[in-house]
Amino acid sequence: MPKDSDAVLDLNGNAQLNISGVRFELLWSSIKEFPFTRLGKVYFWYEHGDNWQELCDGVKMGEKTAEVFFQRDPEIFKTIMCYYRNGKFHFPRTICIEHFQRELKYWGISIKNMGDCCYNHFHQENEAVENLMKIKEAFKKDLNMKKEQDEVDLLLEVESRSKLARLKRKMWDLFENPHSSFMAKIVYLLSSFFVMLSTVALCLNTIDSLRIKLDNGETADNAVLAGIEAGCIAWFTVEYLIRLLSAPRIVPFLKSIMNTIDLLAILPYYFELLSLAFDNQLDYRFVEMRRILQILRILRIVRIFKMARHSVGLQTLAYTFKQSTAELGLLGTLLIMGMTLFSSLVYFAEEAEPNSMFKSIPEAFWWSIITMTTVGYGDVYPVTPLGKLVGSLCCISGIIFIALPIPTIVSNFSQFYKDQRKSVEVRRR
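Per UniProt numbering, the very first residue in the sequence shown carries number 1; after that it's consecutive.
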């Protein structure tokens with residue numbers, strides 16, 4: 001709708017408003033009570049001779065007064081009119097909360113003016129949207145990789161002659177997107193199998209009866225288990241290199257946490273081979289390096305985290321811990337306070353006992369933690385009546401301490417998991 005420089009507003013009558021083709025009437029006397037809103041600014045700008053038409057999308061002159069046009073949502077404007085009449089507005093439950101907030105911002109109305117009856121529901125909806133945004137932010141790297149792959153797909157449509165580009169796309173989908181094809185699902189299942197197989201082999205290789213006895217009294221890896229380990233590492237190495245070479249962008253790929261875990265899953269094996277290569281060196285520097293590389297063998301256990309690459313549940317669990325730092329901090333604080341308190345009490349309660357198992361307060365820390373978590377190994381325990389009373393209070397307090405933050409963490413995980421599942425389903429479509 002065009003704007004009319006000669007348009008006249010009857011500030012003593014009704015405001016003639018056209019909201020995307022739907023006409024509304026509202027007293028200017030009600031509008032002027034809210035000077036910081038958009039319609040309030042129209043009133044005062046017109047009254048003071050300012051260019052008030054900048055605030056609207058069009059003006060049409062009628063018989064007596066101008067009709068002011070706004071290209072906004074007419075359904076939400078019904079709520080806006082309620083605000084001008086009563087000074088409060090209500091949140092429509094059938095309206096998208098993000099769209100509703102954008103409309104409020106446009107009309108210059110603060111969320112603080114919402115009616116008390118809608119306040120709780122609005123913040124529940126707003127919190128759900130914020131959680132979904134946080135989940136998307138947490139998985140932003142994964143989404144960025146998919147976005148970059150979409151850009152590569154678009155480029156391939158233009159440069160369809162490039163066989164190398166098409167091959168890279170196929171290999172990336174094959175190893176990165178299990179839902180892209182039947183073969184991609186096979187590769188995913190095969191990769192998961194190798195992860196589990198290598199983890200089982202790693203565990204079995206620590207059993208003395210399965211290890212090879214050497215003449216010098218030491219033991220070596222079982223030949224069969226070592227072969228399984230080598231085969232799994234070969235698969236992990238080929239998988240990582242293919243994904244690296246076919247990645248849409250190399251730098252984001254290398255910065256990804258999951259890809260870092262993949263790299264840490266295979267490096268210890270090659271570190272160990274490197275240490276064996278220097279086994280016969282006499283230089284003490286090589287001996288020290290071999291010791292360091294042997295320590296790094298513990299990194300082999302991180303390969304179990306490869307299972308989280310395509311697991312929505314495991315990724316959501318990690319995100320839940322990240323977003324529940326306040327609750328986890330509360331739990332840790334309560335346990336530390338309880339540990340210090342009850343360790344001190346049980347130490348002084350058992351101090352006079354000749355065969356007391358609590359030689360010092362720090363030695364009682366183990367007992368207090370085990371008791372508060374209701375594990376109760378029984379290796380350390382009080383024997384005096386007062387010590388048993390302290391132990392009972394410690395156990396009851398531990399149950400209360402743990403029960404306080406855990407429901408919130410569980411609720412967060414449940415909500416995050418449902419939101420992430422919905423997000424994944426949308427992306428697959």
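Don't be surprised by glycine CBs; every beta carbon is placed ideally from N, CA and C.
Looking at K78, P407, P178, W52, the one whose alpha-carbon comes closest to that of S324 is P407. Taking a cut-off of 8 Å on C-beta distances, the region 298 to 316 touches the region 256 to 268, as three or more cross pairs fall below it. Pairwise C-beta distances place the region 220 to 237 out of contact with the region 327 to 335, as fewer than three of them are shorter than 8 Å.
Pairwise C-beta distances place the region 168 to 188 in contact with the region 240 to 248, as three or more of them are shorter than 8 Å. The beta carbons of I80 and F100 sit about 11 Å from each other, so the pair does not count as a contact at 8 Å.
Under DSSP, A220 shares a beta bridge with I212. In the structure shown, N120 adopts helical secondary structure according to DSSP, grouped into three states.
Beyond the five residues adjoining it in sequence on each side, G338 comes within less than 8 Å, by CB distance, of S368, M372, C394, S397, G398, F401 in the same chain, given in chain order. Pairwise C-beta distances place the region 6 to 15 in contact with the region 38 to 46, as three or more of them are shorter than 8 Å. Under DSSP, M61 shares a beta bridge with A66. Between the beta-carbon of Y84 and that of F122 there is about 19 Å, and that puts the pair past the 8 Å contact cut.
Looking at the backbone, the Cα of P268 and that of I298 are separated by about 8 Å. M114 is bridged by DSSP to F89. For L389, the secondary structure class from DSSP, reduced to helix, strand or coil, is helix. Counting the other CB atoms within 10 Å of its CB gives A265 a total of 16 or more, which places it among the buried residues. Beta-bridge pairing by DSSP links I19 to V22, F70.
Excluding five sequence positions before and after F70, the CB atoms of its chain that fall closer than 6 Å to its own CB belong to I19, C56, D57, given in chain order. Burial check for L104: the Cβ neighbour count within 10 Å reaches 16 or more, so the residue is buried. Three or more pairs of CB atoms, one per stretch, sit closer than 8 Å, so the region 341 to 357 contacts the region 373 to 392. Per DSSP, K105 is one residue of the alpha helix (DSSP H) stretching across 97 to 107. Between V346 and G387, the C-beta spacing is below 8 Å. Going by C-alpha positions, L225 is about 10 Å away from L197.
Residue burial annotation: Q420 is buried, with at least 16 other C-beta atoms found within 10 angstroms of its C-beta. F91 is classed as buried because its beta carbon has at least 16 other beta carbons within 10 Å across all chains shown. Secondary structure at N205: coil, using DSSP grouped into helix, strand and coil. Of the residues assessed, Y46 falls on the buried side of the cut-off, its CB having 16 or more other CB atoms within 10 angstroms. DSSP, read as helix, strand or coil, puts N126 in helix. Taking the Cβ atoms as the reference, N177 lies roughly 25 Å from T320, outside the contact range of under 8 Å. A direct Cα-to-Cα measurement between D10 and E125 gives close to 40 Å. Per DSSP, reduced to three states, the secondary structure at N259 is helical.
In the structure shown, L267 falls within a helical segment according to DSSP collapsed to helix, strand and coil. Straight-line measurement puts the Cα of S209 at about 29 Å from the Cα of M307.
For L389, the closest alpha carbon among the candidates W366, F348, A403, P362 is that of F348. Membership of A326 in the alpha helix (DSSP H) is indicated by the continuous run 325 to 350. DSSP places N12 outside both helix and strand once states are collapsed to three, so it counts as coil.
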